[in-house]
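Q: In this note's numbering, the protein residues as written are 2 to 948. Where a beta carbon is used, it is the ideal one built from N, C-alpha and C, also for glycine.
(1) Nearest by alpha-carbon distance to residue 393: which of 760, 838 and 422 is it?
(2) Three Cβ pairs or more, each shorter than 8 Å: is that satisfied between the region 493-500 and the region 620-633?
(3) Taking the alpha-carbon of residue 220 as reference, which of 791, 704 and 344 has the nearest alpha-carbon?
(4) Might you give, ordered along the chain, the residues of its own chain that have their beta carbon closer than 6 Å to the beta carbon of residue 14, omitting 5 neighbours on each side?
(5) Taking only three categories from DSSP, how would you classify residue 556?
(6) What separation, rounded to the nearest whole angstrom, lies between the Cα atoms of residue 704 and residue 746?
(7) How many whole angstroms separate the CB atoms of residue 691 and residue 731, which I take to be in contact at a CB cut-off of 8 Å?
(8) Under 6 Å Cβ to Cβ from residue 590, same chain only, skipping five residues before and after it: list those, please.
(9) Considering only residues of the same chain and omitting the five flanking positions on each side of residue 399, which have a CB-CB separation below 7 Å?
(10) When the distance is taken between beta carbons, is residue 861 closer than 7 Å to residue 879?
(11) Please work out which residues of its chain come closer than 7 Å, Cβ to Cβ, to residue 437, disregarding the five sequence neighbours upstream and downstream, and give them in chain order.
(12) Quick one: give me the first and last residue of the beta strand (DSSP E) that residue 529 is part of.
(13) The beta strand (DSSP E) spanning residue 208 covers which residue range?
(14) Kindly identify the DSSP beta-bridge partner or partners of residue 271.
(15) Below 7 Å CB to CB, which residues in the same chain sit around residue 194 once its five sequence neighbours on both sides are set aside?
(16) Of all the beta strand (DSSP E) runs that stay within the bounds of the region 812-899, which reach a length of 3 or more residues?
(17) Exposed or buried, which one is residue 218 when buried takes at least 16 other CB atoms within 10 Å?
(18) Cutting at 8 Å between CB atoms, please list the residues of its own chain near residue 944, excluding the five before and the five after it.
(19) Compare the C-alpha of residue 707 against each of 671, 659, 680 and 757 and name the closest.
(20) Could you pull the start and end residues of the beta strand (DSSP E) that residue 223 belongs to?
(21) Are residue 201 and residue 230 closer than 7 Å when you measure CB to CB?
(22) For the alpha helix (DSSP H) containing residue 575, name the first residue and the last one.
(23) Any idea if residue 960 is buried or exposed, counting beta-carbon neighbours within 10 angstroms, 16 or more meaning buried?
(24) Name the DSSP bridge partner or partners of residue 798?
(25) Can you give the Cα-Cα distance for residue 760 and residue 470, rounded to whole angstroms?
(26) Give me the residue from 853, 122, 112 and 101 with the minimum Cα distance to residue 752.
(27) Going by C-alpha distance, which of 749, 697, 919 and 874 is nearest residue 799?
(28) Mind listing, in chain order, the continuous beta strand (DSSP E) runs of no fewer than 3 residues lying wholly within the region 376-464?
(29) Straight-line CA distance for residue 554 to residue 677?
(30) So for residue 302, helix, strand or coil by DSSP?
(31) Measure from the alpha carbon of residue 516 to the alpha carbon of each residue in 396, 802, 473 and 682, then state which is nearest.
(32) Please report the distance separating the alpha-carbon of residue 629 from that of residue 486.
(33) Determine, using beta carbons only, whether residue 275 and residue 368 come nearer to each other than 7 Å.
(34) Does the count of Cβ pairs from the region 537-547 and the region 506-520 closer than 8 Å reach three?
(35) From residue 395 to residue 346, what does the alpha carbon distance come to, in whole angstroms?
(36) Looking at residue 840: is its Cβ nearer than 7 Å to the Cβ of residue 893?
Listed below in structure tokens is the structure:
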């Protein structure tokens, strides 16, 4: 073969292209014969060329060539002057060009972090469209964090100057444009290139968040990243760790049960789809049809007919994507059990290591092919010892049909196939009917005992093949090791909390009651006030003394030491691993308890006592990082009180560093517990000192806007905040918010002056009117206190109202009115936004005009009634105690899901409505920032104390 750079590929025997690589079976040939026939494959033109040379010539012309290595030939028409370079060099060059175009090449070493993406900037508060290639990575990340299903669109919008310039030249280029190919979109990039570039420039924790959000949008996830900036491709195991899926197998359809598990731990068969050579119909489009539920089409995989999907890929050939099918318990579904579907981008001949991996982990591999040449046959015949089932999908046969037929017959024999494993998709065949044909094949595969493996099993195979696994980095393994030393001893959650987290539970709840009584003095009776207070203080001191006598358990000691001694990255991995392990244990415990509860509930002899016990166990079955941090807080509080009362010398203090640890975690984006949800209490000294440490670490630059959400339990408050700000408040059924958590979001330095704040402090609260608290006599009081506290701290309060909870909301509104009235007493007039969830009609705002008027009337009546109770003037209106405009401060938001879970994606309407709410809030903040003096952390501490 003779190669000359810049000329067109002319196939066998001559011509050239700078993108030729040898076939994967070259390495086998090298071992067996002196004279080699090398098959070169052209990446750009999908053509072939070959040459023969002696082994000595090979060594001379390709010095340092390893068996099986991909290379590129170029030079002049003189065999002695051939030159070669590794294909990896070309890939690296293409990568550098893409990163430079996107202006993220500086992040190859200094990775983008999650807090960089969540930072409040002018761009993040406006719904801006990308104008240049540099905008694409940040546009993708912002849209994805907001769960917008259009995040993958890489279309660029022309600005006004460009449009005017183009108008002048429009007539000159009209004729040229008429004849342009529709793939000529060189001004942008393929969405897969943007995704891979962003992942490459992101740290491990941002990668994890990207994939978690992609999963919620039902986008196919990258399973194997091609070898771009590393010598080998990478399996994205760690990046998928945070994804949890819920589904209903057909075996549980009648009982209406469900399964919930971490995605990487679910055992299921894998079906792979690849192509050999070029293919005139879209493999990805076919997979989307296959996975989409009836009458609910969704683009899981990017394909050529999507907007910007037809742009040629520059760096993502060799990418393996994965998507899943999860059943919902209906007979009409694709499969009764979960299935994983993988999709190899590019020609399998050029990505043999990825293809080999897929053949080893898959129960079946579907190969899309138009013709089978001798070289293709030789390559595919290497699979004859594989235990995987192979299926060929042919397009309409072309000129080489006779040759294809000959080699296909040989392959059917060698691969032990039958004729049903050869499918033909020609133009006359109905697409829906063809999809049904493949679905029937999948059904047969599922019934034939396929190999079931989870992602951790697949990672073992990847390591055996020399594929990198992202989880194998040193920092991740260090964090995992220490997390396992803590979580290995947790089997029974209730027992562990009782024995190992001893400062919580009954002792802490008693103390919380004493502290509340010290403020309320409700049970004083005939005892003189000072004496009663003295008795309560002595009781409190005795309880704290009992706490102070406790030593840190081995698990807590390890927890504290690792937080102190690990590097910041190792510490982050350590905390993430603990979270994953605890969530997994909690899910398992909760699943068992639910099954027992259901069994007892459905038996004829109702055992009310046992049901009540199980009910109690379910309510305390969650275990998370907040319980470990809470234990630190209790040790700190007990020690502080002992020193304050002179019961412990200052030099014997052990826990002075605990608030610094918690402040560091807040700065790294971890939510911190403000109100303990189990004891309904604020550990005041702990919260005060953590916030004081935070203020010190920020160098006193801590002007904050506080935003809170309130509403009935289960109305999607945490999801609303997560979508609005990209946060990570717990949203699963097993981990409903208890108490209140605060999360810190930085305002970018360029936006601080305009906004008037350095940070946004977001407070997520437990649901009001919680069923588990309804039976308690002071449940209304509990809700009232919670609302008063968070509204008292807030500059903006979002009242979240789901239409199906309208009756409960009347009580909530009364609670809110009382809270706002109390704030009015101390000169605070806050802004309130009402969010009406699950309202999708475009006419909702106009149609609900009367409802808004009725709501305002109700609020005014409640304000008058509350004013009478609080002995205020009788003519008070709701607008007297808060900043509220019924036309501007009511929002109607569609339901979260588009379709029916578990295969539903997040609704575009939901995401965009939340985005509009966010945009309006920041417009409001900017308009008020001139007149209002922002609170700094010391002022927030004083507010917490006074409330």
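A: Let's see:
(1) For the purposes of this step, residue 393 is taken as residue 392 along the chain shown, with counting starting at 1. The candidate whose alpha carbon is nearest that of residue 393 is 422.
(2) yes
(3) The residue you call residue 220 lines up with position 219 of the chain shown. A check of alpha carbon separations from residue 220 across 791, 704 and 344 identifies 344 as the nearest.
(4) By 1-based counting over the chain shown, the position of residue 14 is 13. A caution first: residue 14 carries a pLDDT of 33, below 50, which makes its placement in the model unreliable, though a value can still be read off. Nothing listed; no residue qualifies.
(5) Walking along the chain shown from the start, residue 556 turns up at place 555. Residue 556: helix per DSSP, three-state reduction.
(6) For this step, residue 704 is matched to residue 703 along the chain shown. For this step, residue 746 is matched to residue 745 along the chain shown. C-alpha separation (whole angstroms): 12 Å.
(7) Walking along the chain shown from the start, residue 691 turns up at place 690. Walking along the chain shown from the start, residue 731 turns up at place 730. With a Cβ gap of about 20 Å, residue 691 and residue 731 do not count as contacting.
(8) Taking the chain shown and counting its residues from 1, one reaches residue 590 at position 589. The answer, listed in chain order, is 494 and 622.
(9) Looking up residue 399 in the chain shown gives position 398. Below a pLDDT of 50, predicted positions are generally treated as unreliable, and residue 399, at 47, falls in that range; the measurement from the model is reported next regardless. Around residue 399: 371 and 372.
(10) Taking the chain shown and counting its residues from 1, the one referred to as residue 879 is at position 878. Taking the chain shown and counting its residues from 1, the one referred to as residue 861 is at position 860. With contacts defined as CB atoms closer than 7 Å, residue 879 and residue 861 qualify as a contacting pair.
(11) Position 436 of the chain shown, counted from the first residue, corresponds to residue 437. Nothing meets the Cβ criterion.
(12) Position 528 of the chain shown, counted from the start, is the residue given in the question as residue 529. Where residue 529 is concerned, there is no enclosing beta strand (DSSP E), given that its DSSP letter is neither H nor E.
(13) As a working mapping, residue 208 is identified with position 207 in the chain shown. Per DSSP, residue 208 belongs to no beta strand (DSSP E); it is in the alpha helix (DSSP H), 205-217.
(14) Residue mapping note: residue 271 aligns to position 270 of the chain shown, counting from 1. Beta-bridge pairing links residue 271 to 341.
(15) The sequence position of residue 194 within the chain shown is 193, counting from 1. Apart from the 5 residues on each side of it in sequence, residue 194 sits with its Cβ closer than 7 Å to the Cβ of 99, 314, 315, 316 and 317 in its chain, given in chain order.
(16) 831-838 and 891-894
(17) Here residue 218 is taken as the residue at index 217 of the chain shown, counted from 1. Counting Cβ neighbours within 10 Å, residue 218 comes out buried, since at least 16 surround it.
(18) As a working note, residue 944 is residue 943 in the chain shown. These residues qualify, in order along the chain: 793, 794 and 936.
(19) Reading the chain shown from its first residue, position 706 is the one you call residue 707. Nearest option by C-alpha distance: 757.
(20) By 1-based counting over the chain shown, the position of residue 223 is 222. Segment 222-226, the beta strand (DSSP E) holding residue 223.
(21) Within the chain shown, residue 201 is the residue found at index 200, counting from 1. Within the chain shown, residue 230 is the residue found at index 229, counting from 1. Yes.
(22) On the chain shown, residue 575 is found 574 positions in, with the first residue counted as 1. First-last of the alpha helix (DSSP H) with residue 575: 569-603.
(23) Given that the chain is displayed from residue 2 to residue 948, the structure contains no residue 960 and the question cannot be resolved.
(24) Reading the chain shown from its first residue, position 797 is the one you call residue 798. Its beta-bridge partners are 709 and 833.
(25) As a working mapping, residue 760 is identified with position 759 in the chain shown. As a working mapping, residue 470 is identified with position 469 in the chain shown. Going from the Cα of residue 760 to the Cα of residue 470 covers about 37 Å.
(26) Here residue 752 corresponds to residue number 751 of the chain shown, with the count starting at 1. Among 853, 122, 112 and 101, the Cα nearest to that of residue 752 is on 122.
(27) Counting from one through the chain shown, the residue named residue 799 turns up at place 798. Residue 799 has its Cα closest to that of 919, out of 749, 697, 919 and 874.
(28) Runs of the beta strand (DSSP E) lying entirely within the region 376-464, each at least 3 residues long, are 390-396 and 423-426 in chain order.
(29) Taking the first residue of the chain shown as 1, we reach residue 554 at position 553. Taking the first residue of the chain shown as 1, we reach residue 677 at position 676. Taking the straight line joining both Cα atoms gives about 21 Å.
(30) Taking the first residue of the chain shown as 1, we reach residue 302 at position 301. Coil at residue 302, not helix or strand.
(31) The residue labelled residue 516 in the question sits at position 515 within the chain shown. The candidate whose alpha carbon is nearest that of residue 516 is 682.
(32) Along the chain shown, one-based indexing puts residue 629 at 628. Along the chain shown, one-based indexing puts residue 486 at 485. Answer to the nearest angstrom: the Cα atoms are 14 Å apart.
(33) Taking the chain shown and counting its residues from 1, the one referred to as residue 275 is at position 274. Taking the chain shown and counting its residues from 1, the one referred to as residue 368 is at position 367. Yes; because the gap between Cβ atoms is below 7 Å, this pair is in contact.
(34) yes
(35) Here residue 395 corresponds to residue number 394 of the chain shown, with the count starting at 1. Here residue 346 corresponds to residue number 345 of the chain shown, with the count starting at 1. Roughly 18 Å separates the two Cα atoms.
(36) If you number the chain shown from 1, residue 840 lands on position 839. If you number the chain shown from 1, residue 893 lands on position 892. Cβ distance < 7 Å, so residue 840 and residue 893 count as in contact.
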